[in-house]
Amino acid sequence: MKNRDKTSHEDDYLLFKNRLSLKILLIMACSILIIAAVYLFVLKDNFANVVVAILDSFIYHDRDEAVAVYLRTFKAYEIWLFLIAVMGVFFMIFRRYLDSISKYFKEINRGIDTLVHEDTNDIALPPELASTERKINSIRHTLTKRKTDAELAEQRKNDLVMYLAHDLKTPLSSVIGYLNLLRDENQISEELREKYLSISLDKAERLEELINEFFEITRFNLSNITLVYSKINLTMMLEQLGHEFKPMLAGKDLKCEFDVQPDMMLSCDANKLQRVFDNVLRNAVSYCYENTTIQVNARQAEDHVLIQVINEGDTIPGERLERIFEQFYRLDVSRSSSTGGAGLGLAIAREIVELHHGQITARSENGITSFEVTLPTVGKS
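Numbering (this note's numbering), first residue to last: 16 to 396.
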């Protein structure tokens, strides 16, 4: 690809050089013709006849005297007059040549000005500057895309902060309200006191989750991730993760069944990869139906492992499924405010998987949603 681009650029520059060479040849040809014409006119009898005729007709009215004045004034300096005429011709032609070259710089400057002023139209340059035109337009498209992506990401982040700020107010108001009741009610029963305390604790834990999401947004920088590879037993990692999720599963009367090939070995960054499976499984718990079963499957092939997390829940429409790995996806209507989440979990999972030279995909149909993670068995630095 690079060789093709280099050849294309060389062809464009060749066209530019050929165009300039042709202009130089035309200028030389014109110069020769003009100099020849000047030579024939100044150094031959034509110039003398014209000057003598003008002197005779308008000044002296005597041909002999006109000829004498011509010989004294013009004939003695005819070589100098010829050189002056030649220099004048060269100056005009060379100036014209410089104008033709400066035209290219003016066109490039115009293209750069268009780039700076963020004009949406493609920049057009002369054919011999096709390579420069392509580069400038490529830069323009890149800058436009970066600006659009940055504005979209900033808007999403601002919306998310506003959304979370609104969510912070609800549990905080509840905690304050129930604590005020506990303080103001002197004759409150022990049963009601326990109820108020339990609700306040639940709201405070929810508040803590939302605050943690704020920290997640501000501290996580995907570009700074560095992988530290080690060889791990993937089977043990997945089974341990299942034990860690038991309290969360119990809260929704869920079961988690594992069909994992024994003793699967994998070269990876264990901490980062555990975060991937934690995020994917947490997503499955958040969006599956109550009293259902989450299925975790894992199989090892010759050069890769395949891990599947399958849950029952609302089918995710195709257009939203394509965006499910975007940062701050929680803003979309397919996300429930009651389930929380900053919309970073799956985005983080995808980035970590791709840093491992793997792939993560999602499918959703007929009330079944599955996430598939494919990883090479040998880590690539």
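Cβ coordinates follow ideal geometry from the N, Cα and C atoms, glycine included. Quantities reported herein were computed from a predicted structural model and do not represent experimental measurements.
(request) For Gln202, count neighbouring Cβ atoms within 10 angstroms of its own Cβ and tell me buried if that reaches 16, exposed if not. (result) Exposed, because fewer than 16 other Cβ atoms sit within 10 Å of the Cβ of Gln202.
(message) For the segment 291 to 304 against the segment 262 to 278, do three or more pairs of beta-carbon atoms, one drawn from each stretch, fall closer than 8 Å, so that the two count as touching?
(response) At 8 Å Cβ cutoff, the stretches touch.
(request) Give the secondary structure of Arg338 by DSSP, where H, G and I count as helix, E and B as strand, and everything else as coil. (result) Coil.
(request) With a cut-off of 8 Å on the beta carbons, I'd call Gln406 and Gln315 a contact; round off their distance for me. (result) Lying outside 16 to 396, the shown extent of the chain, residue 406 is not represented and no answer is given.
(message) So, does the segment 364 to 372 touch the segment 280 to 295, judging by three or more C-beta pairs under 8 Å?
(response) Yes, since at least three Cβ pairs between the segment 364 to 372 and the segment 280 to 295 fall closer than 8 Å, the two stretches touch.
(message) Quick test of your reading: Pro141 and Tyr112, contact by CB under 8 Å. State the CB separation rounded to the nearest angstrom.
(response) Actually they do not touch by this definition, with Cβ atoms about 16 Å apart.
(message) With DSSP as the reference, identify every bridge partner of Ile247, one or two as the case may be.
(response) Per DSSP, Leu281.
(request) Enumerate in chain order the residues of its own chain whose CB-to-CB distance from Leu256 is below 6 Å, with the five nearest sequence positions on each side excluded. (result) Correct list, in chain order: Phe292.
(message) Looking only at its chain, what residues have a beta carbon closer than 6 Å to the beta carbon of Lys9, apart from the 5 residues adjacent to it on each side?
(response) Coverage of the chain is limited to positions 16 through 396, which leaves residue 9 absent and any answer about it impossible.
(message) With three or more beta-carbon pairs closer than 8 Å as the criterion, would you say the segment 97 to 109 touches the segment 119 to 129?
(response) No, they do not touch.
(request) Could you pull the start and end residues of the beta strand (DSSP E) that Pro391 belongs to? (result) Residues Ile383 to Pro391.
(request) Under 8 Å by Cβ, that's how I've got Leu187 and Leu222 pegged, so tell me the actual separation to the nearest angstrom. (result) That pair is a contact at about 6 Å.
(request) Flag this pair as yes or no: are the beta carbons of Thr307 and Asp278 separated by less than 7 Å? (result) Contact flag unset, no.
(request) Could you tell me the distance, in whole angstroms, from the CA atom of Asp114 to the CA atom of Ser46? (result) In this structure, the CA atom of Asp114 is about 17 Å from the CA atom of Ser46.
(message) Nearest by alpha-carbon distance to Gly382: which of Glu224, Ile331 and Val388 is it?
(response) When only C-alpha atoms are compared, the closest one is Ile331.
(message) To the nearest angstrom, how far is the alpha carbon of Cys283 from that of Thr241?
(response) Straight-line measurement puts the Cα of Thr241 at about 12 Å from the Cα of Cys283.
(message) Between the alpha carbons of Ala100 and Leu41, how many angstroms are there, rounded?
(response) C-alpha separation (whole angstroms): 19 Å.
(request) For Ser353, count neighbouring Cβ atoms within 10 angstroms of its own Cβ and tell me buried if that reaches 16, exposed if not. (result) Reliability fails at Ser353, whose pLDDT of 47 lies under 50, so the model's placement of it is uncertain and the value that follows must be treated cautiously. Classification for Ser353: exposed.
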